[in-house]
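K.L.:
So that we are looking at the same thing, I have put the structure below in structure tokens.
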Amino acid sequence: MSKATVAAPANIAFVKYWGARDLARALPYNPSISMTLARAVSHSTVEAKSEGEVDEVLWAEEAGLAPAPPNFAARVLRHLAVLRRELGSHRGFRVATRNSFPSAAGMASSASGFAALTLAVAGALERTLPVAELSRLARLSGSGSAARSVLGGYVEWPRGEAENEAVAELLAPAEHWQLCDLIAIVERGPKEVSSLDGHQRAESSPYFQRRLELLGERLAGVRQAIADRDLDGLGPIVEEEAIDLHLIAMSSRPAIFYWQPATLRVLATVRGLRAAGVGAWSTMDAGPNVHVICRPGDEAVVAAALADTPGVESVFRDHTGNGPHGNVPPLF
Ligand code: PMV
1077 MSKATVAAPA NIAFVKYWGA RDLARALPYN PSISMTLARA VSHSTVEAKS
1127 EGEVDEVLWA EEAGLAPAPP NFAARVLRHL AVLRRELGSH RGFRVATRNS
1177 FPSAAGMASS ASGFAALTLA VAGALERTLP VAELSRLARL SGSGSAARSV
1227 LGGYVEWPRG EAENEAVAEL LAPAEHWQLC DLIAIVERGP KEVSSLDGHQ
1277 RAESSPYFQR RLELLGERLA GVRQAIADRD LDGLGPIVEE EAIDLHLIAM
1327 SSRPAIFYWQ PATLRVLATV RGLRAAGVGA WSTMDAGPNV HVICRPGDEA
1377 VVAAALADTP GVESVFRDHT GNGPHGNVPP LF
């Protein structure tokens, strides 16, 4: 029996994946670009058992291993079946997962969780696969953003006309440019509408096609800003792009409202910081929490302003990270 443990980070998209041309395979309508985080990490230990043995899905808590919550376990079991098929294996797996960030804090963990699971399964089967293949396999979990979490630094996930082309590519490593991502947590608990439902409804918004038309310029702007380490060039595009995602969600049928009153208060705080000369820019995923991107030198002042904003429960401080690694103790 062989066992592998992997830590894989979450990522924050500067240009978002929103809307799938094939949801089951997480094939996107548009390319996306993200920054891999350092501290928001999922750990996964996978043991490959004998052929035909049943899978076991566990959740690692402070107190020890416990059965995973049913919804999470169901998605893991589905992905294990996909990985068996793709990797030509008949072995059962024992899996344990843990997040380094409070999972009740409303921070998305599917990208880091499925990237870690995919890499740990490959490790347990003693397969050394190219990163493009690992990205493709992570994407097949159904969490498309997991495709980007197999790499560190700044990552582009192209639309990919062929199945094996929709795989993440490195734009720049973490040491090229260190940025902070300060996450203002305004609500705990799972979101009401999953991103999977959001992708499915996106096409029903009258603004969906319009955003796709605007994306060519946006993607080029983000690539250039990363290459030039230009936060003043990056920030406005990132903020505009996040607003568009939510505009599409709110105008989908049926409509999806991810924002809470405190979300708007955080956006106002960020505009206030900029008015005071601090380079801080907001972005949001499919939820009410706000990610604020700033330079490391401004981290303390931005974190304090976010913490002082009514409705902010906590601020999770993160920054550009190096991507997955296996230098972690096994969970069992
Ligand atoms: O990977 P999914 O299916 O959870 O979708 C991710 C959607 C966003 O987080 C809103 C955007 C993105 O590109 O990460």
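FYI, this note's numbering numbers position 225 of the sequence shown as 1301, with every residue one higher than the one before it. For glycine and all other residues, C-beta sits at the position ideal for the given N, C-alpha and C.
What separation, rounded to the nearest whole angstrom, lies between the Cα atoms of N1106 and G1311?
P.N.:
Near 20 Å, if we compare the C-alpha coordinates of G1311 and N1106.
K.L.:
Where W1094 and R1101 are concerned, what is the direct C-alpha to C-alpha distance, given to the nearest angstrom?
P.N.:
14 Å
K.L.:
So who's on the other strand from N1087, going by DSSP bridges?
P.N.:
T1112
K.L.:
Please classify E1289: is it buried, with 16 or more other beta-carbons within 10 angstroms of its beta-carbon, or exposed?
P.N.:
exposed
K.L.:
Would you grab the beta carbon distance between G1292 and I1313 for me? Rounded to a whole angstrom, and I think it's under 8 Å.
P.N.:
So it is not a contact: roughly 12 Å between Cβ atoms.
K.L.:
For E1299, which residues in the same chain have their Cβ closer than 8 Å to its Cβ, ignoring the five residues on either side in sequence?
P.N.:
Correcting the residue identity first, residue 1299 is Arg in this sequence and not Glu. Excluding positions up to five away in sequence, the list reads I1109, E1232 and L1247.
K.L.:
Do you know how far the Cα of V1122 is from the Cα of R1154?
P.N.:
15 Å
K.L.:
Just to confirm, is the Cβ distance from A1084 to S1225 under 8 Å?
P.N.:
yes
K.L.:
Ends of the alpha helix (DSSP H) at L1295?
P.N.:
F1284 to D1304
K.L.:
With a threshold of 7 Å (Cβ to nearest heavy atom), would S1358 be considered close to the ligand PMV?
P.N.:
no
K.L.:
Determine the DSSP secondary structure at P1206, reduced to helix, strand or coil.
P.N.:
coil
K.L.:
Any heavy atom of the ligand PMV closer than 7 Å to the CB of K1092?
P.N.:
Yes.
K.L.:
Measuring CB to CB, does S1217 end up less than 8 Å from F1190?
P.N.:
Cβ atoms of S1217 and F1190: closer than 8 Å.
K.L.:
Looking at the ligand PMV, does it come within less than 7 Å of D1361, judged from the CB to the closest heavy atom?
P.N.:
Indeed, a heavy atom of the ligand PMV lies less than 7 Å from the Cβ.
K.L.:
What do you reckon, is the C-beta of G1229 under 7 Å from a heavy atom of the ligand PMV?
P.N.:
no
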